[in-house]
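Presented below is the structure to which this report refers.
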Amino acid sequence: MDPQLLAAYGFGLLLLYVVVRLFYRPLRWVGVVAGRAILGALALWAVNLAGSLFGLHLPLNPATALAVGYLGVPGVLLVAALGYFLI
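All you need for the working numbering is the position in the sequence shown, starting with 1, plus 5.
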């Protein structure tokens, strides 16, 4: 094998390693935020499903999903209180 080709492969692998190490934390953070938003949306969907029996409807959008995803039950109460007082 040609030494220049071997050096190019080695440099490419080193560059790939550096790029992955640089972007690992930010990409992990994006994954955590997306996961919490999905869990928040599922929680809001469940609350809306159960609340339909009582006439309770909470808006399901990215802002409310993130609030519920990060705050949990207090987030549901916050969204419900904001909906009650502002709308």
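Even glycine gets a Cβ: it sits at the ideal position worked out from N, Cα and C.
- Annotated three-state conformation of I43 is helix, per DSSP.
- When DSSP states are grouped into helix, strand and coil, L91 belongs to the helix group.
- Following the DSSP letters along the chain, one finds L71 inside the alpha helix (DSSP H) bounded by residues 67-76.
- Distance between L54 and G74, taken at the CA atoms: about 17 Å.
- For F59, the three-state secondary structure derived from DSSP is coil.
- Contact holds between the segment 58-65 and the segment 82-90, because three or more Cβ pairs, one in each stretch, are under 8 Å apart.
- Residues of the same chain with their beta carbon placed closer than 8 Å to that of A12 are lacking, with the five preceding and five following residues left out of the count.
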